[in-house]
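J.: First residue of the sequence shown: 1299, per this note's numbering; consecutive thereafter.
By construction, the Cβ of each residue, glycine as well, lies at the ideal position given by its N, Cα and C atoms.
Predicted model only: the values in this text are computed from it and were never measured.
My questions all concern the structure below.
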Amino acid sequence: MKKITIAVDGFSSTGKSTLAKQLAKALGYIYVDTGAMYRAVTLYAMRKGYIGEENQNIPDLIKALPHMELKFVYNENLGFSEMYLDHENVEQEIRTLEVSKNVSNIAEIEQVRLKLVDLQKKMGKEKGIVMDGRDIGTVVFPDAEFKIFMTASPEKRAYRRYKELLDRGDKVVYEDILENVQKRDYIDSHREFSPLRKAEDAIEFDNSDMGLREQFERIHGYALRIIKEE
Ligand code: DC
1299 MKKITIAVDG FSSTGKSTLA KQLAKALGYI YVDTGAMYRA VTLYAMRKGY
1349 IGEENQNIPD LIKALPHMEL KFVYNENLGF SEMYLDHENV EQEIRTLEVS
1399 KNVSNIAEIE QVRLKLVDLQ KKMGKEKGIV MDGRDIGTVV FPDAEFKIFM
1449 TASPEKRAYR RYKELLDRGD KVVYEDILEN VQKRDYIDSH REFSPLRKAE
1499 DAIEFDNSDM GLREQFERIH GYALRIIKEE
């Protein structure tokens, strides 16, 4: 059967990665979480002191970009790939609220986007890929055969993220998460370079009141129809 490219875009914490992982598993496709790549660059910038509450040194971050190695390594036990930054597994560290607070500011830097989009295009050259992010259907793979744009209310999304962080033992306050979700929505959809927007040919999917199983079944059915038509 012919392989296609599936682009999953949308606001933060809409369950893009859960859906994209399920789809990739069911179709035997590669899954790529592009948010992890922006988060890894952010972690790098925070560790080097290029970004933070007090100081900013974006020119030095831009200079360091060509020397930064970002790679996904498949973890057989978990059944998905983890993010590596310069040979270190940073999968846990990139998911903290601290990284979430800084990531939108890093993701609006043109040079960062150019580097990551270039890597993403290379990963998807052979098709058979499900990639989630903000600009996959608009910039990375404008010719993707199947584009999904996911939305849900900010309150629902913040609650999901709050539960996720609590479950992994982080001490967090719901109101902080809601504020972070709303701030990121604003920055992600108002930035100059590749702002978050729905591709014209994407299907919009609001999962505010939908369970994971129903969501997966509907989208999976849709994907199979497109694959058969190809
Ligand atoms: O999907 P996520 O929440 O892990 O993404 C983290 C941030 O990275 C998000 O605030 C926006 C940015 N991002 C982006 O600008 N473009 C992408 N393709 C993926 C993520």
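What are the boundary residues of the alpha helix (DSSP H) that E1514 is part of?
T.: In the sequence under discussion, the amino acid at residue 1514 is Phe, which differs from the Glu named in the question. Counting along the chain, the alpha helix (DSSP H) containing F1514 begins and ends at 1510 to 1527.
J.: Roughly how many angstroms lie between the CA atoms of R1482 and A1334, to the nearest whole one?
T.: If you take the alpha carbons of R1482 and A1334, they lie about 15 Å apart.
J.: Any heavy atom of the ligand DC closer than 7 Å to the CB of A1405?
T.: The answer is yes for A1405.
J.: Less than 7 Å between the CB of G1333 and some heavy atom of the ligand DC, yes or no?
T.: G1333: yes, Cβ under 7 Å from the ligand DC.
J.: Which residues in the same chain have their Cβ closer than 6 Å to the Cβ of I1304, if we skip the five residues on either side of it in sequence?
T.: Here the set comprises V1428, F1444.
J.: The beta strand (DSSP E) spanning G1431 covers which residue range?
T.: Note, G1431: beta strand (DSSP E), 1427 to 1431.
J.: What's the gap between the Cα of A1343 and the Cα of I1349?
T.: Roughly 6 Å separates the two Cα atoms.
J.: Alpha carbon to alpha carbon, what distance is there between I1404 and N1355?
T.: If you take the alpha carbons of N1355 and I1404, they lie about 11 Å apart.
J.: For the pair the stretch 1446 to 1458 and the stretch 1483 to 1501, tell me if three or more CB-CB distances fall below 8 Å.
T.: The answer is yes - the stretch 1483 to 1501 touches the stretch 1446 to 1458, with three or more Cβ pairs under 8 Å.
J.: Taking DSSP as the reference, what is the three-state secondary structure of D1441?
T.: In this structure, D1441 counts as coil in the three-state DSSP scheme.
J.: So what does F1533 bridge to, in DSSP terms?
T.: No information on residue 1533 is available, as it lies outside the stretch 1299 to 1528 that the chain covers here.
J.: Once DSSP output is grouped into helix, strand and coil, what is the label at V1388?
T.: In the structure shown, V1388 sits in coil (DSSP, three-state: anything other than H, G, I, E or B).
J.: Could you give the residue range of the beta strand (DSSP E) that holds L1372?
T.: Note on residue identity: the sequence assigns Tyr, not Leu, to residue 1372. Its beta strand (DSSP E) spans residues 1368 to 1373.
J.: What's the C-alpha gap between K1518 and M1508?
T.: Looking at the sequence shown, residue 1518 is not Lys but His. If you take the alpha carbons of H1518 and M1508, they lie about 15 Å apart.
J.: Determine the closest residue to D1441 out of V1470, L1476, D1499, L1494, with distance taken between C-alpha atoms.
T.: Considering only alpha carbons, the answer is D1499.
J.: Please report the distance separating the alpha-carbon of P1364 from that of R1411.
T.: In a straight line, the C-alpha of P1364 is about 13 Å away from that of R1411.
J.: Taking 7 Å as the cut-off, is the C-beta of I1475 nearer than that to any heavy atom in the ligand DC?
T.: No, since every heavy atom of the ligand DC falls outside the 7 Å radius drawn around the Cβ of I1475.
J.: Between which two residues does the alpha helix (DSSP H) harbouring I1356 extend?
T.: Here the alpha helix (DSSP H) through I1356 covers 1356 to 1362.
J.: Start and end of the alpha helix (DSSP H) containing M1421?
T.: Where M1421 is concerned, the enclosing alpha helix (DSSP H) stretches over 1408 to 1421.
J.: Could you give the C-beta distance for M1381 and V1339, rounded to a whole number, given that I count them as a contact under 8 Å?
T.: That belief does not hold up - the Cβ atoms of M1381 and V1339 are roughly 10 Å apart, past 8 Å.
J.: Confirm, please, whether the CB-CB distance from D1307 to T1394 is below 8 Å.
T.: No. Outside cutoff.
J.: Let me know the secondary structure DSSP gives S1402 once reduced to three states.
T.: If DSSP states are grouped into helix, strand and coil, S1402 belongs with the helices.
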